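Take a look at the structure below.
Number of protein chains: 2
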Amino acid sequence: MLYPAYSKEPVAKYWMGRMGGGTALVIEARQEAGEPVFLALARAIIAEIERGRLKPGDPLPGTRALAKSLELNRNTVDAAYHELLMQGWLVAEPSRGTFVARDLPDFGSKRQSPVTSAGQGGSPPRFGPATLNLSDGAPDPRLAPTVPLAQALRRALASPAFMAGGGYGDPRGDPLLREALAGYLKDERGLALGPDDILVTRGSQMALFLAAAALARPGAVIAVESPGYSFAWAAFRAAGVRLVGVPVDDGGIDVAALERLAASEPHLHAVYVTPHHQYPTTVTLGAARRLRLLEVARRHRLTIIEDDYDHEYRFDGRPVLPLAARAAEDICVVHLGSLSKLIAPGIRIGYAVAPPTLLRRMADRREALDRQGDLPLERALGELILDGTLKRHARKARRIYQLRRDNAALLLTQHFSTVADFTLPAGGLAIWLRLKAGLSAESWAMNATHLGLSVLPGLRFTLDAARPPEAFRLGFASLDEAELARAIALLKQAGP
Amino acid sequence: MLYPAYSKEPVAKYWMGRMGGGTALVIEARQEAGEPVFLALARAIIAEIERGRLKPGDPLPGTRALAKSLELNRNTVDAAYHELLMQGWLVAEPSRGTFVARDLPDFGSKRQSPVTSAGQGGSPPRFGPATLNLSDGAPDPRLAPTVPLAQALRRALASPAFMAGGGYGDPRGDPLLREALAGYLKDERGLALGPDDILVTRGSQMALFLAAAALARPGAVIAVESPGYSFAWAAFRAAGVRLVGVPVDDGGIDVAALERLAASEPHLHAVYVTPHHQYPTTVTLGAARRLRLLEVARRHRLTIIEDDYDHEYRFDGRPVLPLAARAAEDICVVHLGSLSKLIAPGIRIGYAVAPPTLLRRMADRREALDRQGDLPLERALGELILDGTLKRHARKARRIYQLRRDNAALLLTQHFSTVADFTLPAGGLAIWLRLKAGLSAESWAMNATHLGLSVLPGLRFTLDAARPPEAFRLGFASLDEAELARAIALLKQAGP
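Taken in order, these protein sequences are the chains called A and B. Note that our numbering has the first sequence beginning at 1, numbered continuously upward. Note that our numbering has the second sequence beginning at 1001, numbered continuously upward.
Laid out in structure tokens, this is it:
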């Protein structure tokens, strides 16, 4: 069945415990279907704050005490506090403890849902300018070609295309931008296509939702990588799809496991993959597995949703051609990309490439929920692609991010070789740091947050909250050399 | 149950007939659930073109002949041809007839779905610059404050807010814009609210979808005005909601009929209304009906979705305060508005005001399908509100549109008093022209399209395709005096 908006049935799982510290009240956490325990706890604490039973400035109990009282694992409580600190509901005062934030009223993201805002950590914690954010792999907006973009926007606003008719446009996106993207994707990714094979969306998030919505049937299942990209999971669930996780190893998604799933799950419609730089582990899917994945898709008639979110940022050797460029006619691949990673996350332009029938369904659904994109922005970005600005920017950014990757790798080796290890990623804007056995990424992240460093533990990337990968996804690209040095120093200070 | 994306069950309704003219082939039109007959026929013809059985340049049979062969009403065939001409699949050659367009390959909107692109006619027919578009009520983008907007965008792109962190923002929209909108809505519409009571969306289309998605339960029903706004219907259906039409008379929505529906339909959750200027008839809902509507909503626990899409364009007297400003605490009103009508349809910024719980659900869903809005655009528009640019523009535009309304009313009276009548709208950007008995708006619109004038017949605004209102919604605002004179002349030429 499709997923009723926000009417998840509760599962019979409650905890009750006393909030200690200055307040003495009962906290009751109810876990909703498919929701990790730490998020249920975070929701419960938010509810207490909203009801006014926890007031700005009130101290929270230590995580050990609360864990004991709730009979939960301490890592779970750490993760819940960490989430609330990230969202700014709580503030951490070094050596004093954790408190309800005093500035909630004008709090930017206080209404963000703990569920959907979990993970990805694009938005930094909001307590003090001192805060540093080792993001999940965001680019550095300070490098963005904002001057040419502003000029292109000015031209677009004065263009006949904007002034013509009622000003309404094609729900598939500005024809000039689709023309430009078609050429760009042919040159950069070997995709042979024309403007009519492309749907422009608001960032790749909308492309993920539309792909799932266009594929969705009652009971449809999409296989996803786990660990994987939880924002994609949220988009798929919002489209009414059930998710099943497929394990990821250091070769990328386990295609053999996918094949077994396809053989046993009759409702499996599609598989969502990030083959170029697996999210979050950064691994590139090898040639043999790619061929086998295509073969599995053909044999079991699976649609492949290929998220090529940072294709351009390949440092060692040439980028690997996407599955969409290799797939034969009889395999349905939805290829997704974004200009947000290329320019800045705040610039929301993504795109989908898919076979005509599926693309039209996606365009119909897009028109129903969003009518069309923003004409001036689409026109301006089309111009920046056609006049080469975007390619020049990508080349420049790639050089800078490669230096930042190498610098980050050096610092991580220097400071953490005894407690963690990592594989140098061939591309992408993050490093997957695996902790040695016995270390808890949640507790470490929690300590880091107390010091004003936001870092994302493995729990944010898993469907199986019971066995989260003890690792961090460290986005190095948005920090310059000095900022990165400070971030790494704080991470070390927060560590074992 | 929720509405499975694009898997509507066919209803047992087929037509078969011969396409005459140069091609002799069988056309089979299958009507899908809830789909007007003329759209089913349009889909079938598109399919013939896509299959290549109808080739660019091929002539189509006359509407009378095809209607006879399909045993359909000729108005239905006229409406189908009109839709295909609007979308550019077909071209009309005066005195020669109707043909498959020759320039389909690079056709801007050829993949637009006939279903969702029906009505609203923002995009003009694409055959020749000569084409004029009497839209459904779009503003004139040539009046838009594009220079200050371009400057504000440049500032926004250089702002710390954009450069900070990963560049990700609040899914509810830029705090500055929400702050600005809160003040604007307090001054202009008497809504007492703060920034946290507002969700910024991509145009009001997304707000409509999110509102329905947040309210949707399996089997949920939303009552809508009929005639009404078919883009809202598409958004609600995409959110999985069932629609029931409530009649509209010259006092606006028939609240007594709504009350009877509420008493008999246990699954009725909400009612969608356009009380300020009813879409498409432009009527303002009177005070007595407003009070009764609020009372019905309270008694039957209905959420009121109030679409105040062109509040600012009130020509006679002060704008009427929205229902949201009158509703007591115990009535749930979702108030929707848009800056697209204030600036230009190509600028996609809308907003929703709703009670906290509902607003958070909407924000969660928005984050899942679109993560966040475009930061520079949101920041720039926030600035233009705060520095008064938007209010000054609204005042200027209102004066110009009032002149255009009066001019349009004059021309309509001069040319059509024998065949049609209308009530001068107190506000809004369109006139609802009712045809005298026996006249067919579809056939008239079809003739107009042959002459290069796009005009929207009543069929585009009804849930009951069997008894469409014989009327036109004539958007006068996007045309200057000379353009309007030409448009009216063409409309007369196409008429009886």
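Every residue gets a Cβ at the ideal spot worked out from N, C-alpha and C, and that includes glycine. Treat the numbers as computed from the prediction; the structure is a model and nothing was measured.
Annotated as distal: residue 49 of chain A and residue 184 of chain A, with beta-carbon spacing of 8 Å or more. Contiguous alpha helix (DSSP H) elements confined to the region 1347-1410 of chain B occur at 1356-1370, 1375-1386, taking only those with 4 or more residues. Contact between residue 277 of chain A and residue 457 of chain A does not hold, since the beta-carbon distance rounds to 19 Å and is not under 8 Å.
Of all alpha-carbon atoms in B:1316, B:1169, B:1356, the one lying nearest the alpha-carbon of residue 1194 of chain B is that of B:1356. The DSSP-derived three-state label of residue 1099 of chain B is strand. Only residues of its own chain outside the window of five on either side were considered, and among them 1315 have a CB closer than 6 Å to the CB of residue 1402 of chain B, listed in chain order.
Three or more beta-carbon pairs separated by less than 8 Å are not found between the region 1395-1413 of chain B and the region 223-243 of chain A, which leaves the two stretches without contact. Between residue 1242 of chain B and chain A, the shortest Cβ-Cβ separation is not below 8 Å. Contact check for residue 1351 of chain B against residue 1305 of chain B fails: the beta carbons are separated by 8 Å or more. Comparing alpha carbon positions, the residue from A:200, A:301, A:180, A:252 closest to residue 170 of chain A is A:200.
Around the C-beta of residue 57 of chain A, fewer than 16 other C-beta atoms lie within 10 Å, and the residue is accordingly described as exposed. The continuous alpha helix (DSSP H) containing residue 1450 of chain B extends over residues 1441-1450. Contact note: residue 1146 of chain B reaches chain A through 157, 158, using a C-beta cutoff of 7 Å and chain order. Within a 10 Å sphere around the beta-carbon of residue 338 of chain A sit 16 or more other beta-carbons, which makes this residue buried.
Residue contact with chain A for residue 1376 of chain B: present (Cβ-Cβ distance below 8 Å to some residue of chain A). Around the beta carbon of residue 1071 of chain B, fewer than 16 other beta carbons lie within 10 angstroms, which makes this residue exposed.
Buried is the label assigned to residue 307 of chain A, since at least 16 other Cβ atoms lie within 10 Å of its Cβ.
Annotation: Cβ neighbours of residue 206 of chain A in chain B (cutoff 7 Å, chain order): 1369, 1370.
Partner residues in the beta bridge of residue 1430 of chain B, as assigned by DSSP, are B:1475. In terms of beta-carbon proximity, residue 1428 of chain B stays away from the interface with chain A, with every pair separated by 8 Å or more. Between residue 138 of chain A and the set A:465, A:405, A:464, the nearest pair of CA atoms involves A:405.
Using beta-carbon distances, residue 1373 of chain B counts as an interface residue toward chain A, with a partner under 8 Å. Every alpha helix (DSSP H) of 4 residues or more that sits fully in the region 1040-1107 of chain B is shown, in chain order, as 1063-1070, 1074-1087.
Remark: three or more beta-carbon pairs, one from each stretch, lie closer than 8 Å, so the region 1203-1214 of chain B and the region 1358-1370 of chain B are flagged as touching. For residue 1150 of chain B, the chain A residues whose C-beta falls within less than 7 Å of its own C-beta are 153, 154, 157, listed in chain order. Contiguous beta strand (DSSP E) elements confined to the region 1318-1352 of chain B occur at 1333-1338, taking only those with 3 or more residues. In the assembly as shown, residue 1196 of chain B is a buried residue. Its beta-carbon has 16 or more other beta-carbons within 10 Å. Contact check between the region 412-427 of chain A and the region 458-465 of chain A: fewer than three CB pairs, one atom from each, fall below 8 Å, which does not count as touching. By the criterion of a C-beta distance shorter than 8 Å, residue 319 of chain A is surrounded in its chain by 188, 189, 276, 311, 312, 427, once the five residues flanking it on both sides are discounted.
Closest by C-alpha distance to residue 1358 of chain B, out of B:1440, B:1326, B:1066, B:1172, is B:1172.
Contact between the region 282-301 of chain A and the region 244-264 of chain A is present, with at least three C-beta pairs closer than 8 Å. Residues of the region 1206-1220 of chain B with a Cβ closer than 7 Å to any Cβ of chain A, in chain order: 1206, 1209, 1213, 1214, 1216, 1217, 1218. Between the region 1144-1153 of chain B and the region 144-161 of chain A, the count of C-beta pairs closer than 8 Å reaches three or more; the two stretches touch. Residue 1080 of chain B and residue 374 of chain A have their C-alpha atoms some 29 Å from each other. In this chain, the alpha helix (DSSP H) harbouring residue 262 of chain A covers 255-264.
The count of Cβ pairs closer than 8 Å, one atom from the region 1437-1453 of chain B and one from the region 1092-1104 of chain B, reaches three, so the stretches are in contact.
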